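Only one structure is covered here, and it is reproduced in the block below.
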Amino acid sequence: MRLYSDIDRNLGHCRRYELKDISQKLRNAGFKIIGARYYNILGAWGWLVNGKLLRRKYISPSQTRLFNKFLMFALKLEDCLNTSFGMSILAIAEK
């Protein structure tokens, strides 16, 4: 699912990668992937709703504060899940 939106553009982001894309780029650069996964499901839902569905250009300060209150709990919960969706990608690779 593509999360890239006007919010990203306004923050100076150029792109968002899909897991398969970043994995392929790492392999093409000669890396062996040890592990790769999505994380930050909570942020992804906020980005999806605000950026794609509501077509907002910015995240409000109140939404950011709310997100920050739940972030650590959500990330700990994600450690127990195998997710196919998230705002960010964590990839571990070796050359």
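If you read the sequence shown in the numbering used here, its first letter stands for residue 61, the second for the next number, and so on.
Note that beta-carbon positions come from the ideal geometry of N, C-alpha and C, so glycine has one too.
From a predicted model like this one, the values you see are computed outputs, not experimental measurements.
Self-check item: Candidates Leu-63, Ile-82, Glu-78, Lys-92, of which the one nearest Gly-106 by Cα
Solution: For the purposes of this step, residue 106 is taken as residue 46 along the sequence shown, with counting starting at 1. Gly-106 has its Cα closest to that of Leu-63, out of Leu-63, Ile-82, Glu-78, Lys-92.
Practice problem: Count the other CB atoms, across all protein chains shown, that sit within 10 Å of the CB of Ser-65; report buried if there are 16 or more and exposed otherwise. | Solution: Translated into positions along the sequence shown, residue 65 becomes position 5. Ser-65 is buried by the Cβ-count criterion.
Quiz prompt | Among Gly-111, Gln-84, Ile-82, nearest to Leu-71 - alpha-carbon criterion | solution = For the purposes of this step, residue 71 is taken as residue 11 along the sequence shown, with counting starting at 1. With distances taken between Cα atoms, Leu-71 lies closest to Gly-111.
Quiz item: If you draw a straight line from the C-alpha of Leu-137 to the C-alpha of Lys-155, how long is it?
Solution: Position 77 of the sequence shown, counted from the first residue, corresponds to residue 137. Position 95 of the sequence shown, counted from the first residue, corresponds to residue 155. Between Leu-137 and Lys-155, the C-alpha separation is close to 31 angstroms.
Quiz item: Which value, in whole angstroms, describes the spacing of the CA atoms of Ile-152 and Arg-69?
Solution: Here residue 152 is taken as the residue at index 92 of the sequence shown, counted from 1. Here residue 69 is taken as the residue at index 9 of the sequence shown, counted from 1. Rounded to the nearest angstrom, the two C-alpha atoms are 27 angstroms apart.
Practice problem: Return yes when the Cβ of Ile-101 is within less than 8 angstroms of the Cβ of Phe-145, no when it is not. | Solution: Taking the sequence shown and counting its residues from 1, the one referred to as residue 145 is at position 85. Taking the sequence shown and counting its residues from 1, the one referred to as residue 101 is at position 41. Contact: yes.
Quiz item: Expressed to the nearest angstrom, what Euclidean distance is found between the alpha-carbon atoms of Ile-119 and Met-147?
Solution: Within the sequence shown, the letter at position 59 stands for residue 119. Within the sequence shown, the letter at position 87 stands for residue 147. Computed Cα separation, rounded: 14 angstroms.
Quiz item: Across which residues does DSSP place Glu-154 in a beta bridge pair?
Solution: Indexing the sequence shown from 1 puts residue 154 at position 94. Glu-154 pairs with Lys-92.
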